[in-house]
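Down below is the structure, laid out as C-alpha cells.
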Amino acid sequence: MTETIESAAPDGDRQRPRAGRRPRIHRAWIVAAVTFVTIIGGAAFNSLPGLLIDPLHTEFGWSRGEIGLAVSIDLALYGLTAPFAAALMDRFGIRRVVAAALTMVAAGALASVWMTASWQLMIYWGLLVGLGTGSMAMAFAATVTNRWFVARRGLVTGVLTAAGASGQLVFLPLCAWIVSEHGWRPASVTVALAALVVVPLVWLLMRDHPADVGLAPYGGAYVAKPAPARGAARRAVKVLFDAARTGPFWLLAGTFAICGASTNGLIRTHFVPSAHDHGMPITAAASLLAVIGVFDVIGTIFSGWLTDRFDARRLLAVYYALRGISLLFLPMLMAPDVRPPMVFFIVFYGLDWVATVPPTLALCREQYGEDSAIVFGWVLASHQVGAAVVAFLGGVARDVFGTYDVVWYASGALCAVAALMALVIRRAAAQARTGPAGSDVP
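With numbering that gives the first Met the number 0 as the guide, the letters of the sequence shown map in order to residues 0 to 441.
Listed below in C-alpha cells is the structure:
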C-alpha cells in the first residue's frame with residue numbers, strides 16, 4: 000500500500016521517467032501550445048459562414064434558407080459530436096483523432112471551391128466540417144488539460160477556452176478582406192490551408208499521454224498510461240438517459256439551447272449579412288464581430304468570478320434578460336457605418352457572449368455530481384442544436400420578410416423565456432433536495 004505510483008506500474012505499461020537533467024520547458028507546455036494553435040485552426044472555418052451567405056446567394060442563386068441549412072448541419076454536428084469526442088480520444092489517442100479532424104475540416108473547405116449544387120454545400124460545410132470541428136471542441140481542451148497538467152490546470156483551461164475567440168479575432172477580418180477583394184473561393188482555400196498547416200504540428204509534437212515520453216504531468220506525480228478505454232461512449236449515452244429523467248436537465252438544456260440560438264446561430268451567422276443589408280461593408284461588420292471575441296474572454300473570466308460568489312441561477316437570469324433587451328434594440332442600431340451605439344452593443348454583447356458557461360457548468364455540477372462533465376457535454380449539444388435551428392430559420396426569415404428585424408425581435412423574446420427558465424431551475428433543485436412532499440432527501 001505504500002508503493003509509489005511509479006514503482007507499482009508494470010514496465011510494459013509505461014516508460015520510466017528519464018534520469019538526468021530536467022528540461023527547462025516541460026513538455027506539457029509544448030502540448031498545450033500545439034492544442035492552442037489547433038483550436039485556432041479549427042475555429043477558422045467557423046469565421047466563414049456569415050461572410051459567405053451573400054456571395055453564395057449572389058453567385059448560385061441559392062436561398063438564404065438553403066445556405067443556413069448547411070450552417071445548421073455544421074453547428075448541430077459540432078454539438079452532437081462533442082460528447083463522444085473524449086471517448087474517441089481515449090480509444091484511439093489524441094494525436095490520431097485531432098489529425099483526422101483537421102484533415103476532414105480542410106477537405107470540406109477545399110472541396111467547397113468546386114461545388115455547383117446546394118446539396119454539396121450540405122456535405123462539405125455541414126457534414127465534413129461539422130464532424131471535424133466537433134472532434135476539436137471543449138472535449139479536446141479538457142482531455143489535454145486533464146492528462147498533462149495538475150498544477151496550473153485552471154489557467155490552461157481558460158487559455159485553451161479562449162483559443163476559439165482568438166481564432167475568430169484572427170480569421171474574421173482576414174477572411175472578410177479576402178472575400179471583399181478576391182471572392183469567397185480564396186477565403187475557403189485559406190481556411191483549408193490553415194487547418195492543413197497544423198496537421199504536421201499535431202503529428203510531430205502532440206503526444207497522447209505524459210508517460211509516452213517518460214514524464215509526469217506538469218506539477219504532479221508520474222502516472223502510467225492507462226489502457227485504451229472501452230465503453231466510454233456507452234456511459235455517455237447512459238448518463239444522458241439518466242439525466243433526461245430529471246427536470247433540471249431539461250431546464251438547463253433549454254436555456255443553453257436559447258444561448259446557442261442567440262449567439263452562434265444568430266449573431267455569428269447572420270450579423271454580417273444583416274449589417275450588409277443596411278449598407279455596412281463586409282469588412283467593417285466582420286471587424287465588429289471579431290471585437291466580440293475580445294470581450295467574450297473578459298466576460299467569461301468575470302462571470303466565473305461571479306459564479307463563485309452568487310447564485311448561478313440568478314446570474315443566468317440576469318445574463319439572458321440583458322441579452323434579450325440588447326437584441327430588441329439592435330435593429331435600430333444598424334447603419335451604413337460604425338457609430339457609437341453599435342460599438343456599445345458590440346462591447347456589451349461580447350461581455351455576455353459566453354458568460355452563461357460558468358454558471359451553467361456550476362449548476363450541472365450541483366445537480367449531477369460526478370456525472371456533471373458528461374451532462375454538460377449533452378447540455379452543450381443542446382446549445383449547438385439551438386444554434387443550428389436559428390441559423391436555418393434566420394435565413395428563411397430573411398428570404399420571406401426581406402429583413403432580419405423579425406429575427407432579432409424573436410430572439411430577444413426567447414432570451415426572456417430563458418431568463419424565466421433559469422429562475423425555475425432553483426425551485427426544481429430545491430424540490431429535489433427536500434423531496435416531493437417536503438421530506439428530507441439526503
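The beta carbon of each residue, even a glycine, is placed where N, CA and C say it ideally should be. The structure presented is a predicted model; accordingly, all values stated were derived computationally and were not measured.
Rounded straight-line distance, which links the Cα of Leu265 to that of Phe83: If you take the alpha carbons of Phe83 and Leu265, they lie about 26 Å apart.
Local Cβ density within 10 Å of Leu203, reported as buried at 16 or more and exposed below that: It is exposed - the Cβ of Leu203 has fewer than 16 other Cβ atoms within 10 Å.
For Tyr221, three-class secondary structure by DSSP: Here Tyr221 sits in coil by DSSP.
Sequence-distant residues of the same chain with beta carbon closer than 8 Å to His277, five excluded per side: Only residues of its own chain outside the window of five on either side were considered, and among them Met333, Ala334 and Pro335 have a CB closer than 8 Å to the CB of His277, listed in chain order.
Cβ-based burial, Thr359 [other Cβ within 10 Å; buried from 16]: Around the CB of Thr359, 16 or more other CB atoms lie within 10 Å, so the residue is classed as buried.
Exposure label - Pro340; buried when at least 16 CB within 10 Å: With fewer than 16 Cβ atoms within 10 Å of its Cβ, Pro340 is classed as exposed.
Span of the alpha helix (DSSP H) around Thr299: It spans Ile281 to Thr306 - the alpha helix (DSSP H) in which Thr299 sits, taken as one unbroken run.
Alpha-carbon to alpha-carbon, Ala256 and Leu239: Going from the Cα of Leu239 to the Cα of Ala256 covers about 16 Å.
Secondary structure of Phe309, DSSP reduced to three states: Coil at Phe309, not helix or strand.
Alpha carbon of Ala354 to alpha carbon of Phe344, nearest angstrom: Going from the Cα of Ala354 to the Cα of Phe344 covers about 16 Å.
For Phe91: DSSP bridge partner residues: In DSSP, Phe91 forms no bridge with anything.
Whole-angstrom distance between Leu350 and Val296, CA atom to CA atom: Using only the alpha carbons, I get a separation of about 8 Å.
Closer than 8 Å to chain C by CB, Leu214: Included in the structure is just one protein chain, with no chain C present.
Opposing strand residues paired with Phe148 [DSSP bridges]: According to DSSP, which records beta bridges pairwise, Phe148 is partnered with Tyr217.
Reduced DSSP secondary structure (H/G/I, E/B, other) of Trp61: Trp61: coil per DSSP, three-state reduction.
Whether Val169 touches Leu109 by CB criterion (8 Å): Not in contact: Val169 and Leu109 (Cβ atoms no closer than 8 Å).
Cα-Cα separation, Ala69 to Phe391: Taking the straight line joining both Cα atoms gives about 8 Å.
Beta-carbon proximity of Phe270 to Leu251, cut-off 8 Å: With respect to the 8 Å criterion, Phe270 and Leu251 are not classified as neighbours on the basis of their beta carbons.
Beta carbon of Tyr348 nearer than 8 Å to that of Ala417: For the pair Tyr348 and Ala417, the CB atoms are not nearer than the 8 Å cut-off.
Close beta carbons around Val155, own chain, < 7 Å, minus the five adjacent residues each side: Once the five neighbours on either side are set aside, the close Cβ partners of Val155 are Ala31, Thr144 and Phe148.
Beta-carbon proximity check, Leu315 vs Ala421, cutoff 8 Å: Yes. Within cutoff.
Per-residue DSSP class, three states only, for Ala106: Of the three classes helix, strand and coil, the one that applies to Ala106 here is helix, per DSSP.
Extent of the continuous alpha helix (DSSP H) run through Arg184: Per DSSP, Arg184 belongs to the alpha helix (DSSP H) from Trp183 to Leu204.
Inter-residue CB distance, Leu126 and Leu76 (contact presumed, cutoff 8 Å): Leu126 to Leu76, Cβ: 7 Å. Contact.
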